[in-house]
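Protein chains in written order, with our numbering: chain A, 1 to 344; chain B, 1 to 344; chain C, 1 to 344.
Each residue gets a CB set at the ideal place from its N, CA and C atoms; glycine is no exception.
Everything numeric in this text was worked out from a predicted model, so none of it was measured.
Since the structure comes first, as structure tokens, the remarks are kept for the end.
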Amino acid sequence: MTAPVYMTNTWYAAALSDELTATPILRTLLGEPIALYRGASGNVIALHDRCPHRFAPLHKGQVFGDDLRCPYHGLRFNALGACVDNPIGEGKIPKAACAKSYTLAERDGIVWMWWGDQPADESQLRRWPEFADPERYTSVEGYIRVKGEYQLIADNLLDLSHAEFLHPYLATEGFNRRTQYSMEQQGELVVARNWRPNEPISGLFAFAYGDDAPSHVDHLSIVKWQAPSTLRLEIGVTRPGQAPEEGPRSYQAHLVTPETAHTCHYFWKWGRDFKLDDHDFSKKLQASLQLAFENEDGPMIEAQSEHMQGQRQEALNPVLLPTDSASLRARRVLQQLIDKQVAS
Amino acid sequence: MTAPVYMTNTWYAAALSDELTATPILRTLLGEPIALYRGASGNVIALHDRCPHRFAPLHKGQVFGDDLRCPYHGLRFNALGACVDNPIGEGKIPKAACAKSYTLAERDGIVWMWWGDQPADESQLRRWPEFADPERYTSVEGYIRVKGEYQLIADNLLDLSHAEFLHPYLATEGFNRRTQYSMEQQGELVVARNWRPNEPISGLFAFAYGDDAPSHVDHLSIVKWQAPSTLRLEIGVTRPGQAPEEGPRSYQAHLVTPETAHTCHYFWKWGRDFKLDDHDFSKKLQASLQLAFENEDGPMIEAQSEHMQGQRQEALNPVLLPTDSASLRARRVLQQLIDKQVAS
Amino acid sequence: MTAPVYMTNTWYAAALSDELTATPILRTLLGEPIALYRGASGNVIALHDRCPHRFAPLHKGQVFGDDLRCPYHGLRFNALGACVDNPIGEGKIPKAACAKSYTLAERDGIVWMWWGDQPADESQLRRWPEFADPERYTSVEGYIRVKGEYQLIADNLLDLSHAEFLHPYLATEGFNRRTQYSMEQQGELVVARNWRPNEPISGLFAFAYGDDAPSHVDHLSIVKWQAPSTLRLEIGVTRPGQAPEEGPRSYQAHLVTPETAHTCHYFWKWGRDFKLDDHDFSKKLQASLQLAFENEDGPMIEAQSEHMQGQRQEALNPVLLPTDSASLRARRVLQQLIDKQVAS
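See below:
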């Protein structure tokens, strides 16, 4: 077991916007313990959690304006990590008194952290206009921490055949037999497509159509993976033969960030273009999705991870099925990107 | 601390018969995580818990007939571990899609697992006819997991002098002074004998005699150890001077299987030839024995084990007493058997 | 991470007198698991917890007179660790059947353990006459175990500036600005002095003065550190301009003993020379101090320790403030003493 090498000079999801307030939270991201908070300016701020003085946990400190005061001896750090106040005695501030700060960017309800030594490149930020346009979309969101390696989450999403067994209420008996699976790479994007024409309509979309629901629909799911571990899902149904945009649709972000080599953070957002003002439905949808992640996907990935005993998947010679092709491709693309960065 | 070498080409207890149903259980045996279940045929089945596809935990899957279906992507394995169904897409089954299977044998209410590369030899199975003959014997049973090395359990049983201190309600003050301890090796069997002539009768056997109970009895306990860690206890009392078979007797199996180098499974069964139909007594006996293992022997062995910090007993130079001779002999016999196997 | 080297041929606090009774407790001191109890003679006794026979935990045994009987097979050890009884069979006692014993000394309500290969030197015992003179002083006491390296506790106490941030109810806003910090070494003693003239009186001392309390006082705190980790605190207030001994005062012992390289035992006693008979106040004082250690200092030191990941402070290049000078000096003195011992 050697330390993992992560892709650098890229954005990783650090938090959902709603998680960050004037009360800092501690989150370990790519192995580094980080205090995350929102300053009085409204900006989101990230400082290494370890005070450079006596290594106290900064996230237990108090926020003043955009500054964070250490809970142990009161050194105050600004959003860039510079010490701006020593409240003791004559108050001299040693030059070295700096907390490492991290560049954050907040878009579409997601707080991203730049990871790398090159300047942060905001043009690389993956956007989800659906989550920032309440006139046309309504969204719900959630978070879980998973005791498993972060790439296992992408594996899970790039092969939705698991729904029949792990989420039986989301799928119908034998639906895998009726699904056409395909995969293609579009540049650095890996796209998995699941197509089930003329399938009995599921509860979610019957609800979307309302009284007018057809008994059968064409069901299309598209999963788009982007390095390092950003996934977009588009799921929709149409009356048989219609074009995808004619039916009710849902747009999902699944964002995975390594916590350590063997654990990760999993953020999800789920927007829909139907029943926009039905708050009760939003509540139920959020709860049932969060429960599926907590009780089904999460435990499955943790059990997988335990059986892998810290080894990489490749080292364990998995027996592969055709439905593994998208996740294998994503792993290969990511490894190529990392190898290129390590070599340069 | 090097990895332990276990005796091979032998049977280890894997479960009590009553534990195995159509809902699989996960049990780690000799370091391997194993899914154990009973198929529709009534046969007991053991498959390595790690699905060869994506390493999902098979024991969380569903049983169909004698097959086990993986809970993640639905591959179905038969009792021999061969993949017999891939429910996704065209359903091709890769040749390598095999789960390791283990040979089990069920006898006398005990499920044994063969451990070794030679063909399973059923003639080696240790039999307990007492547990399979309800006309003449009634038995109770139980199980605990112990965070201690498996040989410490045999040590415990081969030196029953501990009862006076660890189980004071089972022994009378000073009973060790009145006991004649002896030990002999019979081939590969190690037999410890505890003989207390003309001893005040204990509660258990006073109950066995009923109104006719003598005040004093000859008390004989015989502990027979067999490699790797199968123990048979025969405990009985007689009116002073009578032959052992003339009094009420109890027959016990204590079966210990390594879980890991430092933890083990402890199965016990206890048959008696008196009060055969007294279910209330059976219940109380089961509960008090199970409690003794859980609250007294188990914690003692775990504390011992913690003090040994993963080292072998020999390395720690124990101070030995005459009453240690049986357990030392058993350790020596086992080591000789293992050494012979390793050399061959 | 190499094993820590502790100062030897010195006394470490092992327990508070009130902790030791005829029911032994297990406490790991400087890496060794030790059974501590009070014999029928009233003497406090310390034996290595691991029975030399089968490594059973002696602290679970029973005390007879000054002897301790092993809970597993009944070997009985006297206060010097010699086996004095084998209750089994003919009762022979092997010569090697000795438990390691430790030299204890009980003074001023504190049980000290000598650590080293030279004869115990009672003249080295740090005395607290305040805790043994109920006519003039009343004291309260407590104990916590801290999952942090023992020197972090001395660091905490030698820099009381943390009170403003960690114990805000003990300090007033900005009190660090009004404090004159100084430090000096007196032989092997390190003394930190905190002087706040004409400070608003705090609740504790307003209570001490009673109806006659002045609104402002001169507040002096003196912290005296002695190797390896014995601290004496003297805190008092006077009407502005008066001599220290004219006001109410409190005397504290803070005694820290390594449990392992990364955890420690923290014993404290707090004597006062006012409101001697106010038991209600004693109760509240004990509870609020114990809570401060449990909820504020303890967790802070544990978080620090977690951020240090087992590395020594020096290796992590802390940014130092003038208020760190006393704790740095104490660390240097201790290191010099240890280096001298290792070299000799």
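Rounded to whole angstroms, the separation of the alpha carbons of Thr260 of chain C and Met113 of chain A is 38 angstroms.
Contact between Ala14 of chain A and Leu47 of chain A does not hold, since their C-beta atoms are separated by about 12 angstroms, which reaches or exceeds 8 angstroms. For His53 of chain B, the chain A residues whose Cβ falls inside 7 angstroms of its Cβ are Pro318, Val319 and Leu321, in order along the chain. Inclusion of Ser221 of chain C and Leu233 of chain C in the CB contact set at 9 angstroms is warranted, their separation being smaller than that value. The alpha-carbon separation between Asp85 of chain B and Pro129 of chain A amounts to approximately 42 angstroms. Sorting C:His216, C:Tyr137 and C:Ala253 by C-alpha distance to the C-alpha of Gly241 of chain C places C:His216 at the top. Pro214 of chain B sits in coil when the DSSP states are folded into three classes, being neither helix nor strand.
DSSP, read as helix, strand or coil, puts Glu234 of chain A in strand. Of all residues in the stretch 160-180 of chain C, the ones placed with a Cβ closer than 9 angstroms to any Cβ belonging to chain A are Ser161, His162, Glu164, Phe165, Leu166, Gly174, Asn176, Arg177, Thr179 and Gln180, in chain order. At a cut-off of 4 residues, the continuous stretches assigned as alpha helix (DSSP H) that sit fully inside the stretch 124-195 of chain B are 151-158 and 163-166.
The beta carbon of Pro214 of chain A is closer than 7 angstroms to those of Ile201 and Arg239 in its chain, skipping five residues each way along the sequence. Listed along chain C are His307, each with a C-beta nearer than 7 angstroms to that of Arg50 of chain A. Neighbours of Gly65 of chain B across chain A, judged by C-beta separation under 8 angstroms, do not exist; the nearest C-beta is about 17 angstroms away. For Asp280 of chain C, the enclosing alpha helix (DSSP H) stretches over residues His279 to Ala292.
Taking all protein chains shown into account, His279 of chain C has fewer than 16 neighbouring C-beta atoms within 10 Å of its C-beta and is therefore exposed. Interface with chain B (9 angstroms Cβ-Cβ cutoff): Asp211 of chain A is excluded. In the same chain as Cys83 of chain B, and ignoring 5 residues on each side of it, the C-beta atoms closer than 6 angstroms to its own belong to Leu75, Phe77, Ile93 and Ala97, in chain order.
By alpha-carbon distance to Arg136 of chain B, the top candidate from B:Arg249, B:Leu20 and B:His265 is B:Arg249.
Taken through DSSP and simplified to helix, strand or coil, Glu90 of chain B comes out as coil. In the three-state scheme derived from DSSP, where H, G and I count as helix and E and B as strand, Leu320 of chain B is classed as coil. With the rule of 3 Cβ pairs closer than 8 angstroms, the stretch 329-343 of chain C does not count as touching the stretch 162-172 of chain C. With contacts defined as CB atoms closer than 9 angstroms, Ile45 of chain C and Ser123 of chain C fail to qualify as a contacting pair.
Minimum Cα-Cα distance from Ile301 of chain C among the listed residues C:Gln336, C:Glu90 and C:Leu166 corresponds to C:Leu166. In this structure, C:Ser41 is the residue among C:Ser288, C:Thr10, C:Tyr6 and C:Ser41 with its C-alpha nearest to the C-alpha of Thr21 of chain C. CA-to-CA, the gap between Ala208 of chain C and Tyr251 of chain C works out to about 14 angstroms. At a cut-off of 9 angstroms between beta-carbon atoms, Asn78 of chain C makes no contact with chain B. Under the DSSP definition of a beta bridge, Glu199 of chain C partners with C:Val217. Burial is judged here by how many other beta carbons sit within 10 angstroms of a residue's own beta carbon; Ala343 of chain C has fewer than 16 and is exposed.
Contact note: Ile88 of chain C reaches chain B through Ser161, Asn176, Leu321 and Thr323, using a C-beta cutoff of 7 angstroms and chain order. In the displayed model, Met113 of chain C falls within a strand according to three-state DSSP. At least one CB of chain A lies nearer than 9 angstroms to the CB of Asp155 of chain C.
Pairwise C-beta distances place the stretch 287-294 of chain C out of contact with the stretch 57-65 of chain C, as fewer than three of them are shorter than 8 angstroms. When only Cα atoms are considered, Ala132 of chain B and Gln151 of chain B end up about 28 angstroms apart. Within chain A, the residues His162, Phe165, Leu166, Met300 and Gln304 have their CB atoms less than 8 angstroms from the CB of Tyr72 of chain B, given in chain order. Excluding its 5 nearest sequence neighbours in each direction, Thr28 of chain C has C-beta neighbours in its own chain below 6 angstroms: Glu259, listed in chain order. Of the other Cβ atoms in all chains shown, 16 or more fall within 10 Å of the Cβ of Tyr266 of chain C; this residue is therefore buried.
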